[in-house]
Structures are given as structure tokens and as C-alpha cells.
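1 is the number of the first residue of the sequence shown in our numbering; add one for each residue after it.
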Amino acid sequence: MSVGSSNAKTLLLRTLTGHLKITPPPPSPDGLFPFLKGRDPHNHVSLVSFAHRSRAAGGAFYDYTARYGAVREEDKRTLRETFFPEIARPLHNLAVPDFHAHPGDNPSLHTDKAKEEKRRVLFEGLTERLGLTQFLDLPMIALSNGQTRKARIVKALLEQPELLILDEPLTGLDVDTRALVLTLLHSLHVKYSPHVILGMRPQDPLPDWTTHLALIHQDGTVHTGTKQEVLGAESSQPLHNLGRFQSAFVHKSTSNGDGSPLVNFNGVLKDIHWKVLPGSRWHLIGANGSGKTTLLAMLTGEHPQSYTQSSKLTLFDRPRAKWPTPHLLRAIGRVSPELHNAFPRRRGMTVWDAVGTGFDGGFVPRGRFGVGFATNGEPLEEGGEDERRRVRRMWEVIRALGPAAWRGEPKGEKEAKEAEAFSRRSFADLSPGEQSMVLLMRALVANPQIVLLDEAWAGMDEGMVKAARKYLRDGALEDDQACIVVSHWEEEVPWGREDGLKRFRLENGSGKEE
């Protein structure tokens, strides 16, 4: 667990899997993993990281909205075919047995069959326990992020490693699924089949069955010991408040929302009635697979139903068809797992470039200083007020959410220089948490009418999350900007009921305000 840099935790876990050299090397003969008794760790240790990864070949952007259109051939791959092809292959792909061969001619066939049957039984048990059986033959593009994460855990367990390392396994999982996953891991861990190491965020609840902790501090030092020893020694540190965020700072009160709705759902999906007013703050809640992704895709105008249900949905007082897509891209700033995975990782794209694309909502820097074009699609006047204002806004956001803010350092000359250096870094070279922070900057920089934060804190360490929540509460949003936070964690929402926060819960395509 890290209360400092999330990158330090990732580096430690990669070191355990042999990706980084340890100096001095672990003593012989047992090495780093004595329980392996000399066996190759490469074959017995598995790492599954739930940090966002680029799916774009060569660092280019891929169109994640295509999932809502016609299903292409490559999108027809099911969960079964994607993660478990060697276990559950379609019948037409199965090899035809040689009926003329005598069973005694090849004794290894019996052994292989026994192994295959054991693996199949394990597969069926794991998918049943994690509630995946009913989704095995659905296309991958129809699954929620939480369902995909569970499948990755099953795939890792099928390899039957002696040590399973899971980095941030609870990210994106609803409350019930978290309990399901942790119960499964516990049942395996108590039998040491496999041993389990969890890479956790400070805000993640520690499972009761955890026996030992390795706490990574801001300076990179690591405190290890039994859970009781580490918790006792760190009682005055942030770890003492695991699972909670400090909110005792001055912040600007939010508006309860008034004026014409920015978004008006009037009976979409099964029966969803929801108005998002200017200045309102919302926490959107729902279990994995409850319809959140579909609803949000209608809100952003990406889903075909945003066109076909024009009588039941208006965006900024008009039907979706009345709005050109570039307008919606500028009017809605967003962070989401889909956007994070799709965002281009071109080597030439800097942090400044990535943040600046927020003015147009696109994925390619435009304009003289990379701060976009005017709303009419024309270049900004060189040296004009709009260009200068956008450049000032860029520095405001980068400094407010930059590295110095993560460490809680005051503003000043040192902080300004650090922000400038950070702005020149390559987006592709950032850690997943740093990339999440840059995409948050991108979502906020243009002061869009709606800010949509879907799992916005994924990969961020404690300092990053605190800086982001503080900035949002302290006035990052104007009084007429609406914000929707999608999270399974109550503590991750920057506002509370006392700030005017409202909650909207989804369940099986239906929804209600709480």
C-alpha cells in the first residue's frame, strides 16, 4: 500500500515479478521467494494490474464510441473467446479425435484429459462464484468494466500461480462485487493456493484477513510488518484514516441548481426520469452492469438512442439531432475508463498538448499554443484576448493539480517551475495515476457546462486524490457548471449532502433520486 506515489507501488510490484533488478540481490539459495524452493518465479508468480492501459496500436486514438453502432467483426468476440479460449472453445474449433488410435498407445492423453477436466471444473467454479457464467457468451463490448475486471481475475487464477499479485483489484467494483472478490481471494489465500498480495490505495478498505502490510511513504521508504505493527506505528500518519478522506477545508458551496435543465431524461431506457440543472452536483450510483455506461453515453450524445429517443431526451434544451457533435464535445468535459484507454499515447504529445485538447474536446492539439480553435472552427486571433485567456487557464489548472499540489506544497517559484517541467513531459511516459490527473485537467480546463467524472481517481495515489477533491470543492467549477461523479466509493465524491449533493441510483435500467 502506498500513501505516497502510486508509481512507487507499481514499481515495487513490478520488482516482485522480476521486471526490475534488485540491488543487492536476495540471498541464495532461496532468493526472493523462499516458498518456491528454487523454482522459477516466472512460472509461478502472476501479476494482474487494473491500471488503465492503452488499447491503441502505435499510440493512436481508437474510437471507443463504435461499441454503440453496428457491431464489427472484431467486436463480436465474446468474453469466453477473449479470456478462456483454451477451455471453452466453440465446437467447430475443436480438434477431431483419432478414433483409430488405441487408448493405450498414448498414456499422456489420460494425464492431459485429467488436467483439462480439473481446469474446466476450476473455471466453472470461479465464473459461478463471481457471477460471470451468464455473461460468457456476450460480446466483450457489451460488458461493464467491473465484469471485465472479474474475468481478468479468473484468468489469472486459472494459471494456478503460487503467488498472485493484484494491483488495485477493487477499482471500479461496486460494493457487492468487492465483497464477492475479497471473499473468493480469502478462501484461496487461507489454503495458500495461491498466496495473495494486494496492491491497495489508501482509500481502499483493508480486508480483515490481511496479515501483513508493506507501506510505501512519500520519500520511497517502505515500512513492513504485521498489520497490527504497521497500523500501530503509523497511527499518526494518513494510514490511520484508511478509507476516509479529510474534508476539513474551506470550500465554495454548490448551487442547488436552477434554470433550464442541461440534460432532461424523461422515460429513457426502462423508466429513467432525471434532470441535471446548472450548478447541480450529482453522485451517480449503480452496480456493475446496471446501465450507467449506456445512460452516460446517451448524456454525451454518443449512443444511437440519444437520437432515436428524441421525445424522451433533450441536451441543452434541444434534441440530440439538433446539436453538432463538436458542440457537445466542448460542452461536456469528461473523464472515464473508456476515454483513458482510448486517449492517444503518441510520443510527441506532451502534458500541455493533452490538457489543451480539452478546449475542443478532440484528441489532437490545435492552434498556435495548443489551446484549440474558436467555437466557429476558426483559429484564434494571435495574441488576442481569447488566446491569452486560454493560456492563463491552462497554467491555472496545471498548477492547481500538478505535482506540488499532490505533495501539499504551497504555491511559489519552485511550484511554478515544477508545473512548467511537468507540462513538457510526454503523456505516454506518465504513470496511470498521472495520466488520470492530466485527463482531469483536460476535463476542467474549458469550464464546460457539464463535468462528468466516471472513475476519475483510478490509479491516483492519496496525494493526487486529495488535491483533486480540494480543487473541485474550493472553486474549480463555476456556479452554473453541473458535475456528475460516477463512483462506487462514497468517500471519493468531493461534496456531501450539506453541500447540495444529490444522488441518483440505477438498477437494471431503471433509476431514482435518493
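C-beta: ideal position from N, C-alpha, C; glycine also.
Contact under 8 Å by Cβ, residue i with residue j
i, j, result
"V519", "W457", "Lying before the first or after the last residue shown, residue 519 is absent from the chain, which here runs from 1 to 514."
"H303", "S436", "no"
"R425", "V351", "yes"
"G370", "D353", "yes"
"L13", "I165", "yes"
"K150", "T177", "yes"
"P448", "R366", "no"
"A421", "I398", "no"
"Q203", "W489", "yes"
"G279", "D479", "yes"
"F265", "K312", "yes"
"V263", "L299", "yes"
Residue from the options whose Cα sits closest to the Cα of residue i
i, options, result
"F123", "T148, K115, V154 and G31", "V154"
"F33", "L47, L16 and F83", "L16"
"A321", "S310, L472 and H273", "S310"
"Q134", "S187, T78, L173 and R178", "T78"
"E415", "A404, G408, S423 and A421", "A404"
"S336", "A374, A297, F373 and P324", "A297"
"G38", "S306, P26, E381 and H327", "P26"
"S49", "R152, D204 and H42", "R152"
"L163", "V485, L180, W495 and H42", "H42"
"R393", "R407, E409, G408 and F359", "F359"
"G289", "L506, G18 and F35", "L506"
"L277", "G267, E462, N266 and P261", "P261"
"T539", "Q203, I285, T224 and D219", "Here the chain covers residues 1 to 514 and nothing more, so residue 539 does not appear."
"A342", "G362, K312 and P324", "G362"
"V45", "Y192, T375, K113 and G125", "Y192"
Straight-line Cα distance separating residue j from residue i
i, j, result
"M349", "A468", "23 Å"
"V548", "E455", "What the structure shows of the chain is the stretch from 1 to 514, and residue 548 is not part of that stretch, so it cannot be assessed."
"L239", "T148", "For L239, the predicted structure reports a pLDDT of 40, less than 50, and the residue's modelled location is therefore unreliable. The matter cannot be settled from this model."
"G383", "R368", "10 Å"
"L501", "F316", "21 Å"
"S253", "N145", "Its pLDDT being 47, under 50, S253 is placed unreliably by the model, and nothing is read from it."
"M200", "G459", "10 Å"
"F249", "K470", "Below a pLDDT of 50, predicted positions are generally treated as unreliable, and F249, at 32, falls in that range; no measurement from the model is reported."
"G511", "L453", "19 Å"
"L173", "G291", "14 Å"
"S236", "E491", "With a pLDDT of 44 at S236, under the threshold of 50, the predicted position of this residue should be treated as unreliable, and no value is reported."
"D40", "D30", "11 Å"
"A179", "S187", "12 Å"
"V391", "T82", "44 Å"
"W395", "L440", "14 Å"
"V493", "G402", "20 Å"
"D137", "R80", "6 Å"
"H283", "D461", "21 Å"
"A56", "Y307", "Unreliable placement is indicated for A56, whose pLDDT of 42 sits below 50; no coordinate value is reported for it."
"E413", "A156", "48 Å"
"A287", "V181", "14 Å"
"R345", "H19", "22 Å"
"V96", "F84", "Annotation note: pLDDT 46 at V96 (below 50); position unreliable, no value reported."
"Q218", "L328", "40 Å"
"E338", "T293", "10 Å"
"W495", "G433", "22 Å"
"E128", "G475", "46 Å"
Cβ separation of residue i and residue j, assumed to be a contact under 8 Å, to the nearest whole Å
i, j, result
"L213", "V190", "No, L213 and V190 are not in contact; Cβ-Cβ is about 18 Å, not under 8 Å."
"A443", "G333", "4 Å"
"L184", "L130", "7 Å"
"V445", "F427", "About 15 Å; that fails the 8 Å criterion."
"L198", "P169", "6 Å"
Start and end residues, alpha helix (DSSP H) containing residue i
i, result
"L36", "Taken as a continuous stretch (DSSP letters only), L36 belongs to no alpha helix (DSSP H), as it is neither H nor E."
"K227", "K227 to A233"
"D386", "E385 to A400"
"N266", "Looking at the DSSP string, N266 is not in any alpha helix (DSSP H); the run it does join, the beta strand (DSSP E), is V263 to V268."
"A214", "Unbroken run through A214 is the beta strand (DSSP E), H212 to I216; no alpha helix (DSSP H)."
"F422", "E413 to S423"
"D454", "Where D454 is concerned, there is no enclosing alpha helix (DSSP H), although the beta strand (DSSP E) it sits in stretches over I450 to D454."
"A297", "K292 to L299"
"H340", "P337 to A342"
"V175", "V175 to H189"
"R469", "E462 to Y471"
"V355", "V351 to G356"
"T325", "T325 to A331"
"T82", "L79 to F83"
"L439", "P432 to L444"
Extent of the continuous beta strand (DSSP E) run through residue i
i, result
"S49", "V45 to S49"
"E543", "Residue 543 cannot be examined here, being either before or after the span of the chain that is shown, 1 to 514."
"A482", "A482 to V486"
"G511", "S510 to E513"
"W282", "R281 to G286"
Residue i at chain B interface by Cβ criterion, 8 Å
i, result
"S310", "No chain B is present in this structure, which holds just one protein chain."
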